[in-house]
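Chemist: Could you have a look at this structure, given as structure tokens, before my questions?
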Amino acid sequence: NAGVMQNPRHLVRRRGQEARLRCSPMKGHSHVYWYRQLPEEGLKFMVYLQKENIIDESGMPKERFSAEFPKEGPSILRIQQVVRGDSAAYFCASSPLGGELFFGEGSRLTVL
Amino acid sequence: SQQGEEDPQALSIQEGENATMNCSYKTSINNLQWYRQNSGRGLVHLILIRSNEREKHSGRLRVTLDTSKKSSSLLITASRAADTASYFCATVFGNEKLTFGTGTRLTIIP
């Protein structure tokens, strides 16, 4: 049973470009979470999704950020018109309902 | 915000000693979880303690929870070099969103 798969592991973008981060949850998990981590800091909650449904997006910036978890395929975190402040590690986690979270290895976004 | 606060922020001990980290939180919880993060890696779940539990063990890990003080502690006994990592507590409330603290960076000196 493969773990949570995130790709790309590293992504470099110039200011104004778009970044797309993908996350495939563990088999059988229908809940996906996205977190952002700045260097030397803890994880900040961004969004919680179930298939085709956003449950809680209270941590998502109001502009430029969006997330989806379609019926088929991975969850996508999309950042439009990236700025330097978007540089961070973005972690995806999945879980069965109410249990522990299983984390991917993260996608590290660098904005030049 | 329900974010947990770990204490201390950083801890260095000799291999073989015990390491204790504390976590405080602000509101009611369903459960509290501890995670470990090695540098540059994802988080690994260590242990979950429910709000009606007071103590839980897993191998060399011992977790306590005091809901009256809104605090938890993680004890790692007989520390090893491989225990060097950052440790985070995370609380769950309501719709099962996990909220993380700022972490304790533990260094085990061989």
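Read top to bottom, the protein sequences are chains A and B.
Read in order, the letters of the first sequence correspond to residues 259 to 370 in my numbering.
Read in order, the letters of the second sequence correspond to residues -4 to 105 in my numbering.
Cβ coordinates follow ideal geometry from the N, Cα and C atoms, glycine included.
Can you tell me which of B/Thr86, B/Phe88, B/Val87 and B/Ser81 puts its alpha carbon nearest to the alpha carbon of B/Arg121?
Modeler: Residue coverage of chain B in this structure runs from -4 to 105, which leaves residue 121 of chain B outside it and unanswerable.
Chemist: Taking 8 angstroms as the line, does the beta carbon of B/Gly98 fall inside it for any heavy atom of the ligand SAH?
Modeler: Absence of the ligand SAH is noted for the structure shown, with no ligands found whatsoever.
Chemist: Can you find a CB in chain A that lies within less than 9 angstroms of the CB of B/Gly98?
Modeler: Judged by the 9 angstroms Cβ criterion, B/Gly98 is in contact with chain A.
Chemist: Is B/Gln9 closer than 9 angstroms to B/Ile71 when the C-beta atoms are compared?
Modeler: No, the pair does not count as a contact, with Cβ atoms beyond the cut-off.
Chemist: I want to see whether chain A comes within less than 9 angstroms of B/Val58, judged by CB atoms only; does it?
Modeler: No, B/Val58 lies away from the interface with chain A (no Cβ there is under 9 angstroms from its Cβ).
Chemist: Tell me the rounded alpha-carbon separation between B/Asn25 and B/Leu41.
Modeler: Going by the C-alpha atoms only, they are around 17 angstroms apart.
Chemist: For A/Lys309 and B/Gly11, I'd like the C-alpha separation in whole angstroms.
Modeler: Using only the alpha carbons, I get a separation of about 46 angstroms.
Chemist: Three or more C-beta pairs closer than 8 angstroms, one from the stretch 275 to 283 of chain A and one from the stretch 321 to 336 of chain A: is that the case here?
Modeler: Yes: the two stretches touch, three or more of their Cβ pairs being nearer than 8 angstroms.
Chemist: So the candidates are A/Leu359, A/Met263, A/Tyr348 and A/Pro319; which of them puts its Cα closest to the Cα of B/Val39?
Modeler: The shortest C-alpha separation from B/Val39 is found at A/Leu359.
Chemist: Identify every residue that forms a DSSP beta bridge with B/Ala14.
Modeler: B/Ala14 is bridged to B/Ile71.
Chemist: Rounded to whole angstroms, what is the Cα-Cα separation between B/Trp29 and B/Asp78?
Modeler: Roughly 14 angstroms between the two C-alpha positions.
Chemist: For B/Glu0, report the span of its beta strand (DSSP E) as first-last.
Modeler: Where B/Glu0 is concerned, the enclosing beta strand (DSSP E) stretches over Glu0 to Asp2.
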